[in-house]
Every structure is written in structure tokens, then in C-alpha cells.
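Shown next, in C-alpha cells, is the structure this report addresses.
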């Protein structure tokens with residue numbers, strides 16, 4: 039039987055195309071991509087990704103454990119105030135912005151119950167004065183709880199007895215209702231006073247130069263050296279450049295606080 043010319047030419051064309059494909063695979067300029075090579079490349083990419091993740095986890099664990107950078111917590115914005123100082127002038131928290139503040143609470147007639155806090159504040163004052171930071175970079179503030187007795191003249195006499203005064207140390211007072219709202223309500227410091235006696239939960243707080251509350255101290259037992267350390271940590275963070283700022287944010291994220 040005679041062969042079908044169309045069928046013969048179709049077989050011939052397929053054979054030519056098949057041969058051409060083989061030639062392209064063997065003689066093209068680039069290497070042939072085989073299924074095995076593709077799987078191998080994917081495996082290497084996976085191993086590389088896993089190795090990178092393991093390195094990142096290791097670095098984060100080291101950062102959390104070793105704490106190469108330490109920070110103080112950003113507790114909350116510090117309560118604002120407008121009070122009267124020992125010279126009878128208005129003074130607000132905004133007037134003190136730009137300086138780190140160590141704020142204590144007391145009264146000129148507190149006597150022995152406030153003696154430990156008073157001594158600690160004096161020790162911090164002496165240390166800061168010795169290294170030249172007091173009065174500009176760091177200021178002390180004492181807010182009276184006793185609006186009736188602690189008038190500006192009484193505060194001025196108290197400041198002179200302690201060897202304090204602006205710009206190093208500000209002594210503030212105000213109306214009884216203002217003080218109760220600020221000290222008892224916003225700072226959460228318990229106190230009670232009458233004509234003869236007073237009770238006070240001795241407390242001091244550290245506020246950074248931007249107005250954030252960064253630390254709270256038991257006024258009767260706080261260590262002045264710890265306060266100086268904390269002031270240094272706040273200063274280091276504030277003075278960090280753009281390149282190191284992300285490191286401090288990571289330290290906050292992983293709670294790298296001093297032990």
C-alpha cells in the first residue's frame with residue numbers, strides 16, 4: 039500500500055524538532071537547567087534562610103542576656119504642674135524641661151520621718167555638684183505637701199538651711215487642693231497631715247529631660263549611687279546618635295533594665 043505523504047512529512051518534522059531540541063540542550067551558551075539542579079538550588083536557599091534566622095535568634099538571646107545596652111523604662115508622661123517657688127515666683131514643669139529632674143515630696147516640719155530622704159537628696163546633690171551636672175543638666179525639686187505652713191518664706195529658710203536654691207534645687211508649694219491632686223492623685227504618694235502631725239510615704243521620682251517618668255525610689259532607702267547610675271543611663275540614651283537609636287529601641291523592646 040502506498041505511504042501517506044502527509045503522515046510521512048509529519049513524522050519527519052517531529053523528528054527534526056526533537057533533534058533540534060536535543061541540540062539546543064547540548065549546545066546552548068547557558069547551562070541546561072535540570073530538575074535536579076532546581077531542587078538543589080532551593081535546598082541551598084532554604085538552608086541559608088534557616089542559618090540566618092538562627093543567627094538572628096542567637097544575637098537576640100545574647101542581647102537579652104548580656105544586656106550590652108541598658109535603659110530605664112518609659113513609665114508614663116510625668117504629671118504637669120504650675121506651683122510657687124521659694125522666691126514667690128510661678129514655676130511650671132515646662133520651665134524645667136530640658137533638664138533631668140529628681141523630684142521628692144516633703145515638708146519643712148516633717149522632721150525625723152523625712153530625715154532619711156533629706157539625707158539622700160543631699161548626697162545626690164553633692165555628687166552631682168562635684169561632677170558639674172547640677173543646675174543645668176540635672177536639677178533637684180522638692181514639692182511640699184504642707185500648703186498651710188510651707189509658704190515661700192518658710193521654703194526659702196528651709197532651702198538656706200540645706201544649702202540649696204535655684205537653679206540647682208527648687209522648693210515648691212501651692213494651694214492644698216492643687217498639692218493633693220498632684221502629689222496624692224497623679225503621683226500616687228500617700229500623705230496625711232493635720233495641725234500637729236503628718237504622715238508621708240517618702241518617695242522620689244526621676245523625670246527625663248523630655249518630661250517622661252523613668253524611675254521611682256523609696257525615699258527612705260534609695261541608694262544615691264543607684265540614682266546617679268540611673269541619671270547616667272538617661273543621659274546616655276538622650277545623647278545617642280541616629281545610628282545607635284535603634285539599639286536603644288531594641289533594649290526597650292526586650293526590657294533591658296538594670297538589675
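Numbering (my numbering), first residue to last: 39 to 297.
All residues carry an ideal CB built from backbone N, CA and C; glycine is no exception.
None of these values were measured; they are calculated from a predicted model.
- The alpha-carbon separation between residue 217 and residue 288 amounts to approximately 38 Å.
- Counted as a single uninterrupted DSSP element, the alpha helix (DSSP H) harbouring residue 215 occupies residues 214-217.
- Shown here for residue 112: same chain residues with a beta carbon closer than 6 Å to its own, the five before and five after excluded, namely 250 in chain order.
- In terms of Cβ geometry, residue 155 and residue 257 form a close pair [threshold 8 Å].
- According to the DSSP secondary-structure assignment, residue 188 is paired through a beta bridge with no residue.
- Here residue 254 carries a strand assignment [DSSP, helix/strand/coil].
- DSSP places residue 156 in the uninterrupted alpha helix (DSSP H) bounded by 153-168.
- Beta bridge pairing from DSSP links residue 211 with 122.
- Its chain contains 174, 175, 176, 177 and 247 as the residues whose beta carbon lies nearer than 8 Å to that of residue 137, once the 5 sequence neighbours on both sides are disregarded; these appear in chain order.
- For residue 228, there is no enclosing alpha helix (DSSP H), as DSSP gives it neither H nor E.
- Taking the C-beta atoms as reference points, residue 165 is found no nearer than 8 Å to residue 142.
- By the Cβ test, the stretch 146-155 is in contact with the stretch 226-243, since at least three Cβ pairs between them sit closer than 8 Å.
- Between the alpha carbons of residue 115 and residue 167 lies a distance of about 27 Å.
- Under the three-state reduction of DSSP output, residue 273 falls in the helix class.
- When the beta-carbon positions are compared, residue 208 and residue 147 stay at least 8 Å from each other.
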